[in-house]
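Structure, as structure tokens:
Residue numbers (the UniProt record's numbering): 1 to 530.
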């Protein structure tokens, strides 16, 4: 809040005393108006020389990627948003709406139509048990969730579905909605209408999809797609897809989403560099309002039925161990693993030096991390598998936006040290030394006893390098072919130990090694057949 006040430099702050006391040393810089007192005694008439394009407010972004930035928005944006939703999904007289997420906008939707609005306390919104009780007690019929918050609620152990029986309509906004999430919601709450809204702070509502109706017409939605569509573009919204070669895409073509129209923000406060996100409309594009478009940073494409499909963020691709990894796609793949209910994948380490992937995930009790890793090995290349998996009871959520709090995940990074130490305590001295050399050769941070050198990306050149380093470390003679028999840390360590103690004959004649050789021969035969 301090950084926002310093950036916006308001002439006054309207608040309550409990909140103003938290500002500390900058409190004396501003005039504070006590909300409870002044709202009653105020007599001064507001100015009337306003238009729909006048500044209505400056909203600050959540600041998930850095310092929050102020977005200057016109009156027209909120007005058109209210009008569209009231027309498309009118209220019933007995509706009761619960508001907390995106409160500044959502509170006026029911009030403008004389519908009861219930304010969800901040102490309630992120406690699934209290939230369900609140919905039940106040007979809430409509509510807006972010996907992260909705996922937290429906994955709550011992969830009492009867406490949600009053709900008729749930709006989902703020993040991509996976088909896995919708499938679970639809199964648990089949009588609730789920509306997937695509909206941005810079342009308000862009598109919306009634997921229930879409599922009726597209029976394969839940099996053929990873994410749910966000529907048709609203009338009056200017929409363009531009690919990485700056070519405009039509139906089926993938590109970055650019939007404009009458609700487009004026720009960013005190951020001239950020203004580059607003571009001049290309000559080949016809718009309905103005000559600017917003570069959203979202990647998407138009389906054959005209619906917009969001794929994720354009900047979700990173380079790990000389390979390109789509972080958004990896997250979706992990969520598809049996037993995983939600996940966030973050890139850690220094650029071009020591970057690695960490998956923070919520899993069902009966599912083990080994099962998840094994599942990923069958689906994706080794370089895409995260170095660390951090299990959580639930993902942290930003209280002001309802989205996943990626910054808060860093406090769980102690788990990475525990993970590393746990791995070390499971290894013998020999296994630890072999593991360190594997990690050095393969340029990876973490390894498991049963990891296969070749599945981790070990080619014939790396095999030769590895065997040379092992020979130097342990002063034994090794052949490259040994790695095709003793393929993991445990097996190779046993072999080197036997070589050092002149007990290779016992190991070679053991049942384990015979089985290993049989497997190698079968592997060679499969290659010949191919």
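Built from N, CA and C at the ideal position, the CB exists for glycine as well.
Worksheet item: Between the C-alpha atoms of residue 170 and residue 130, what's the straight-line distance to the nearest angstrom?
Response: Approximately 18 angstroms between the Cα atoms of the pair.
Worksheet item: How many angstroms separate the CA atom of residue 346 from the CA atom of residue 107?
Response: About 34 angstroms.
Discussion item. For a minimum of 3 consecutive residues, which ranges assigned as the beta strand (DSSP E) are wholly contained in the segment 381 to 452?
Written reply: Counting whole runs of 3 or more residues, the segment 381 to 452 contains the beta strand (DSSP E) stretches 388 to 391.
Item to complete: Spell out whether any CB of chain D is found under 8 angstroms from the CB atom of residue 244.
Response: In the structure shown, chain D does not exist; there is a single protein chain.
Worksheet item: Helix, strand or coil: how does DSSP classify residue 369 here?
Response: Reduced to three states, the DSSP call for residue 369 is helix.
Practice prompt. Please report the residue range of the alpha helix (DSSP H) in which residue 213 lies.
Written response: Residue 213 -> alpha helix (DSSP H) spans 211 to 217.
Fill in: Buried versus exposed call for residue 93 [16 or more other C-beta atoms within 10 Å across all chains shown]
Around the CB of residue 93, fewer than 16 other CB atoms lie within 10 Å, so the residue is classed as exposed.
Worksheet item: Excluding sequence positions up to five away, which residues of its chain have a Cβ less than 6 angstroms from the Cβ of residue 156?
Response: Once the five neighbours on either side are set aside, the close Cβ partners of residue 156 are 128.
Fill in: Residue span of the beta strand (DSSP E) that contains residue 74, given as start and end
Per DSSP, the continuous beta strand (DSSP E) segment holding residue 74 begins and ends at 70 to 74.
Worksheet item: Near residue 447, which residues of its chain fall below 7 angstroms by C-beta distance, leaving aside the five closest residues on each side in sequence?
Response: Answer for residue 447: 435, 438, 439 and 489, listed in chain order.
Discussion item. Looking at the strands, I want to know which residues DSSP matches up with residue 299.
Written reply: Residue 299 pairs with 256 and 312.
Worksheet item: Does DSSP put residue 475 in a helix, a strand or coil?
Response: Residue 475: coil per DSSP, three-state reduction.
Discussion item. Residues in the same chain with beta-carbon distance under 7 angstroms from residue 188, minus the five sequence neighbours each way, listed in chain order, please.
Written reply: Contacts found: 154 and 161.
Worksheet item: Taking the C-alpha atoms as reference points, what is the distance between residue 498 and residue 462?
Response: Their backbone Cα atoms lie some 23 angstroms apart in a straight line.
Worksheet item: Under 8 angstroms, do residue 181 and residue 150 count as touching if we go by C-beta distance?
Response: Taking 8 angstroms as the Cβ cut-off, residue 181 and residue 150 qualify as a contacting pair.
Worksheet entry | Proximity winner among 385, 370, 482 and 394, relative to residue 356 (alpha-carbon distances) | The residue with the shortest Cα to Cα distance from residue 356 is 385.
Practice prompt. Can you say whether residue 14 is buried or exposed, counting buried as having 16 or more other CB atoms within 10 angstroms of its CB?
Written response: It counts as exposed.
Worksheet item: According to the neighbour-count rule (16 or more other Cβ atoms, all chains shown, within 10 Å of its Cβ), is residue 260 buried or exposed?
Response: When all chains shown are included, residue 260 counts as buried.
Worksheet entry | Cα-Cα separation, residue 267 to residue 202 | Straight-line Cα distance between these residues: approximately 8 angstroms.
Worksheet item: Do three or more CB pairs link the segment 98 to 115 to the segment 235 to 246 at distances below 8 angstroms?
Response: Between the segment 98 to 115 and the segment 235 to 246 there are fewer than three C-beta pairs closer than 8 angstroms, too few to call the two in contact.
Fill in: residue 453 and residue 401 closer than 8 angstroms at C-beta
For residue 453 and residue 401, no; Cβs fall outside 8 angstroms.
Item to complete: Assign residue 284 to one of three DSSP states: helix, strand, or coil.
Response: DSSP places residue 284 in the coil class of the three-state scheme, outside both helix and strand.
Worksheet item: Quick one, which of 374, 227, 331 and 397 has its alpha-carbon nearest residue 301's?
Response: Residue 301 has its Cα closest to that of 227, out of 374, 227, 331 and 397.
Discussion item. For residue 98 and residue 136, which I take to be in contact (beta-carbon distance under 8 angstroms), what is that distance rounded to the nearest angstrom?
Written reply: About 11 angstroms separates the Cβ atoms of residue 98 and residue 136, ruling out a contact at the 8 angstroms cut-off.
Worksheet item: Is residue 552 helix, strand or coil when you go by DSSP?
Response: Nothing in the structure corresponds to residue 552, since the chain is present only between 1 and 530.
Worksheet item: Looking at the structure shown, is residue 239 part of a helix, part of a strand, or coil, going by DSSP?
Response: Of the three classes helix, strand and coil, the one that applies to residue 239 here is strand, per DSSP.
Discussion item. Buried or exposed for residue 148, going by 16 or more other Cβ atoms inside 10 Å?
Written reply: For residue 148, the number of other beta carbons within 10 angstroms of its own is at least 16, and it is reported as buried.
Worksheet item: In angstroms, rounded to a whole number, what distance separates the CA positions of residue 17 and residue 5?
Response: So the two alpha carbons sit approximately 17 angstroms from each other.
Practice prompt. Select from 309, 305 and 328 the residue whose C-alpha is nearest the C-alpha of residue 316.
Written response: Comparing Cα-Cα distances from residue 316 to each of 309, 305 and 328, the minimum goes to 328.
Item to complete: Go through its chain and collect everything with a Cβ distance to residue 292's Cβ below 8 angstroms, but skip five positions before and after it.
Response: Contacts found: 260, 264, 278, 279, 280 and 281.
Practice prompt. Could you give the DSSP three-state label for residue 489: helix, strand or coil?
Written response: Per DSSP, reduced to three states, the secondary structure at residue 489 is helical.
Discussion item. Here's the rule: buried if 16 or more other CB atoms are within 10 angstroms of the residue's CB, otherwise exposed. What is residue 64?
Written reply: In this predicted model, residue 64 has a pLDDT of only 47, less than 50, meaning its place in the structure is not dependable; the value taken from the coordinates is given anyway. So residue 64 ends up on the exposed side.
Worksheet item: Roughly how many whole angstroms lie between the Cα atoms of residue 372 and residue 407?
Response: Their Cα atoms are separated by approximately 25 angstroms.
Worksheet item: What's the call for residue 204, buried or exposed, on a 16-neighbour Cβ count within 10 Å?
Response: Per the 10 Å Cβ criterion, buried.
Discussion item. Checking the sheet assignment: what are the DSSP bridge partners for residue 196?
Written reply: Per DSSP, 172 and 209.
Discussion item. Quick check on DSSP: helix, strand or coil for residue 6?
Written reply: Residue state, collapsed to three classes: helix.
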